[in-house]
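**Q** Chains as they are written, first to last, in our numbering: chain E, 38 to 364; chain D, 89 to 423. Where a beta carbon is used, it is the ideal one built from N, C-alpha and C, also for glycine. Before I ask anything, let me first share the structure, which is written out below as structure tokens.
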Amino acid sequence: MSKKKTNSQDRWGFKESILTFIPGNSTFGTMRSRQARTGFLFILPFVLGFVFFMVRPMFTSVIMSLSYVKLIPGEGYDMKFMGFVNYKNALGTDPYYNQYLVEEISRMAINGIATIVMSFVIAVILNQNFKGRTLARAIFFLPVILSSGVLAGIEKQNEFYDMMAGMAEAVGKSSGVNISAALQDLLSVSGVGSQVFQVLFDMIDAVYDIVMASGIQIIVFLSGLQSISPSLYEAADVEGCTAWEAFWKITFPMVSPLLLVNTIYTIIDFFMKNDNRVMERINTIMYGQQMDFGLASAMSWIYFGVAILFIAIAAVIINKGVHYYED
Amino acid sequence: MKTEATLTRREQKAKANAKRDTKYVVMSKIKKYGVSIIRGLLLFGLCFMIIQPMIIRFCTSLMVESDLYDSTIVLLPRHVTLDNYRIVADLTAFPKSMINTLWTSLLVSVCQVIACTLVGYGFARYSFPLKKFWFACVVLLIIVPPQTIQTALYVQFASFDFLGIFRAATGKPLNLRTSILPYVLMSLTCMGLKDGLYIYMLRQYFKSIPKSLEEAAYVDGCSTMHTFVKIMLPDAIPTIASCFLFSFVWQWTDLFYSRNFLSGYTIYSVQLSSIVSRMSRYFNKGSDAAQVVPNARQQQLIFVGVLICSIPLIILYIFTQRTFVESIAMSGSKE
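Now the structure itself:
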């Protein structure tokens, strides 16, 4: 069995990678091998970091999520293997976790799609020639700075914010000041599919969050738009293509590879935000009175699993419609 | 007769043409202006939405407490005061926490940028076995939220022990949670805040530099390190600068890593995140009766804290706006 393995071709490059670093064999002194060693030296910081600060903690975290962790002050911690109890507790016993999980994920699905569409539209507008374009671009990129880290969630953590939001809603409903609420009433009275409109109005109400979350995406789309060669549009124009057709036949397919990048970025960005209630819940369990590290790890892993699932689904869907342009 | 008729016909034709032309010109003008008006309105609305909270925060931050409850005041304060800034400075240990934030952010982002430049260059320019595997690890680094491993990292650094050396020497594992050392170590090994993204950006840039530049240097007898420092680095300075700026800005506002690894230092973002809980203690210092800080007042003080945090960043952004935007544009265009 082992003989067969060594004889089979070196598909993953393991053998080669080992031979590169062992002096005395035939490949050690070659240029290729020397180059490989230099290259590996360059990425060595990453390799070390990945092994010690990523793989190892991940491994510990998986074990922790499967066991009961007891912290001993000054001494470290004690672990007792329990199987999947923590996962069961996270999904079944914890009063808030699964509710927050479902809420945040549905919010992400709606806001994520809206973010992608919105940033694409804004990028198309910002790609046109008009006065004050530089200023507009600068302003649209501002949220990357102003809604990062602690600045993103701090104002919403306040009870006052919740109260004000509730009051504004109540006032808007009663007096019709709130435009989206008034429209909503109008449409629901006329009996048009209220479910669809509910989603739409939630989106309109969340437009501030969406714009604040789309800084990087706008710039990425913009760069894609700028890399399209103008000769394509000229050729289309000569052939009698209208601007609308040119948009769907040239602009959209050429930018579509960036759709995947932006979708993944949006999903990750959403999952890592501070104002995310699932993240808040995990932090409460970790640093709060419970100090239950096992449960917190299990919750993080469930959350990560959901994130990966979403990225995979998005990747599959988008990859079907993407057109890769070969230069 | 005949000529007259043709003339008139020609004239009529010309007239019709002119009419059609003016109609076309007018229509296209209307279309053009219409588009630009709609575009202007849309952009103005969206830009206003982004900037408006800053304006509200700034105006609210200057109000006296009684102005907050006055319903006739919408935006401009009636009594201007800078007292709120003094209170928030007290609450967040202002000069000290800001200085700490400044030097830790600088240190960490310098470490991150050095490490990521090396790694990005290695990925862009050399071929070595398992390269695809390691690059997949970089992508994994971008995707995995650090929150997933935070518990394990917490434990790892709370009882740090390298191959059992410290336990053997002192009988106790080392608690590194209060020192900045673990975080610097992580930044130097590309495991800090959003390091995967910086590696990716720098790799894209190094890939775009023509290979002949390096080959010429090698032919002339330049060593690997010499080529890297003298030829590749000067070319890459704009991208490196933008990575540094991103890293600095995100580190400045970061809560997650600061809370986990820099708990030994008073960092502004951590102070800001817990400002509400410190407020009631601050206002109750003088009186015996426990008095609750009104919600509007809390919100106002949070506004002030956010402003203090973001003003240095906005000033930085005004001067370095091009670097920020162009680097992202470049790394995006070469997917």
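Reducing DSSP to helix, strand and coil, say where Tyr112/D ends up.
**A** Helix, per DSSP.
**Q** If the cut-off is 8 Å on Cβ atoms, which residues from the segment 121-139 of chain D count as contacting chain E, listed in chain order?
**A** Correct list: Ser124, Arg127, Gly128, Leu130, Leu131, Leu134, Cys135, Met137, Ile138 and Ile139.
**Q** Against Thr152/E, what residues of chain D qualify as contacts under a CB-to-CB distance less than 7 Å, listed in chain order?
**A** Correct list: empty, because the minimum Cβ distance to chain D is about 13 Å.
**Q** Should Lys117/E and Ser104/E be called a contact, given that it needs their Cβ atoms to be closer than 9 Å?
**A** Yes, the Cβ-Cβ distance between Lys117/E and Ser104/E is below 9 Å.
**Q** Under 7 Å Cβ-Cβ, which residues of chain E neighbour Pro217/D?
**A** Result: Gly50, Glu53, Ser54, Thr57 and Ala73.
**Q** Pick from Gln200/D, Arg97/D and Met151/D: whose alpha carbon is nearest that of Leu290/D?
**A** If we check each option's Cα against that of Leu290/D, Gln200/D comes out closest.
**Q** Quick one: using the 10 Å Cβ neighbour count with 16 as the cut-off for buried, is Tyr405/D buried or exposed?
**A** With 16 or more other Cβ atoms within 10 Å, it is buried.
**Q** Among the candidates Pro217/D, Ile325/D and Ile268/D, whose CA atom is the shortest distance from the CA of Tyr52/E?
**A** This sequence places Lys at residue 52/E; Tyr is not what is there. The shortest C-alpha separation from Lys52/E is found at Pro217/D.
**Q** Answer with buried or exposed for Val88/E, where buried requires no fewer than 16 other C-beta atoms within 10 angstroms of its C-beta.
**A** By the neighbour-count rule (16 or more Cβ atoms within 10 Å), Val88/E is not buried but exposed.
**Q** Put Asp370/E into one of helix, strand or coil per three-state DSSP.
**A** Here chain E has residues from 38 to 364 only, and residue 370/E is not among them.
**Q** Look up Lys310/E in the DSSP assignment and say whether it is helix, strand or coil.
**A** Lys310/E falls in the coil class under three-state DSSP.
**Q** Let me know if Leu332/E comes out buried or exposed under the rule of 16 or more other beta-carbons within 10 Å of its beta-carbon.
**A** Flag for Leu332/E reads buried.
**Q** For Tyr286/D, would you say it is in contact with chain E, using Cβ-to-Cβ distances shorter than 9 Å as the test?
**A** No, no contact with chain E.
**Q** For a contact defined as C-beta to C-beta under 7 Å, what are the partners of Tyr245/E on chain D?
**A** Under the 7 Å cutoff, chain D gives Met137.
**Q** Please list the partners that Pro82/E has in chain D, where partner means a Cβ-to-Cβ separation under 7 Å.
**A** Under the 7 Å cutoff, chain D gives Ala203, Leu206, Val207, Leu276, Thr277 and Cys278.
**Q** Quick one: Cα of Ser334/E to Cα of Asp246/E, how far?
**A** Those two C-alpha atoms are separated by around 29 Å.
**Q** Which term fits Gln136/E, buried or exposed, when burial requires 16 or more other beta carbons within 10 angstroms of its beta carbon?
**A** With fewer than 16 other Cβ atoms within 10 Å, it is exposed.
**Q** Given a cut-off of 9 Å, decide if Ser184/E and Ser337/E are closer than it, judged by their beta-carbon atoms.
**A** No, they are not a contact pair.
**Q** Val413/D and Ala175/E - do their beta-carbons sit closer together than 9 Å?
**A** Yes, Cβ-Cβ distance for Ala175/E and Val413/D is below 9 Å.
**Q** Taking Gly210/D as the query, report the chain E residues whose CB atoms sit under 7 Å from its CB, ordered along the chain.
**A** Per Cβ cutoff of 7 Å: Gly76, Phe79 and Ile80.
**Q** What separation, rounded to the nearest whole angstrom, lies between the Cα atoms of Phe294/D and Pro82/E?
**A** Straight-line Cα distance between these residues: approximately 18 Å.
**Q** In terms of residues, what are the limits of the alpha helix (DSSP H) holding Met95/E?
**A** First-last of the alpha helix (DSSP H) with Met95/E: Arg93 to Ser102.
**Q** Using beta-carbon positions only, say whether Gly393/D and Leu78/E come within less than 9 Å of one another.
**A** Cβ atoms of Gly393/D and Leu78/E: not closer than 9 Å.
**Q** If Leu360/D and Thr180/D are in contact, beta carbons under 8 Å, what's the gap, nearest whole angstrom?
**A** With 8 Å as the limit, Leu360/D and Thr180/D qualify as a contact, their Cβ atoms being about 6 Å apart.
**Q** Could you compute how far the alpha carbon of Gly209/E sits from the alpha carbon of Asn383/D?
**A** Reliability of the predicted coordinates at Gly209/E is poor, the pLDDT of 49 falling under 50, and no value is obtained from them.
**Q** Could you list which residues in chain D have their beta carbon closer than 8 Å to that of Leu188/E, in chain order?
**A** Residues of chain D passing the Cβ test: Thr341, Val394, Cys397 and Ser398.
**Q** Going by DSSP in three states, Ile355/E sits in which element: helix, strand or coil?
**A** If DSSP states are grouped into helix, strand and coil, Ile355/E belongs with the helices.
**Q** Does the Cβ of Met68/E have 16 or more other Cβ atoms within 10 Å, making it buried, or fewer, making it exposed?
**A** It is exposed - the Cβ of Met68/E has fewer than 16 other Cβ atoms within 10 Å.
**Q** Cβ closer than 8 Å: which chain E residues qualify as neighbours of Ile230/D?
**A** Near Ile230/D (Cβ distances below 8 Å), the residues of chain E are Ile305.
**Q** So, with DSSP's three-state summary, where would you put Tyr137/E?
**A** DSSP places Tyr137/E in helix when its eight states are reduced to three.
**Q** How about Tyr288/D and Ile328/D: are their beta carbons less than 9 Å apart?
**A** Contact flag unset, no.
**Q** What do you reckon, are the CB atoms on Ile305/E and Pro183/D nearer than 9 Å?
**A** Against a cut-off of 9 Å, the Cβ pair of Pro183/D and Ile305/E comes out as no contact.
**Q** Rounded to whole angstroms, what's the CA-CA distance from Tyr370/D to Leu85/E? Just pull it up for me.
**A** Approximately 46 Å, taken between the alpha carbons.
**Q** Strictly below 9 Å CB to CB, what residues from chain D border Met95/E?
**A** Under the 9 Å cutoff, chain D gives Val232, Thr236, Ile237 and Ala240.
**Q** Have a look at Asn148/E and Ile319/E and give me their C-alpha separation to the nearest angstrom.
**A** So the alpha carbons of these two residues sit roughly 22 Å apart.
**Q** Is the separation between the beta-carbon of Thr189/D and that of Tyr345/D shorter than 9 Å?
**A** Their beta carbons are not under 9 Å apart, which means Thr189/D does not touch Tyr345/D by this criterion.
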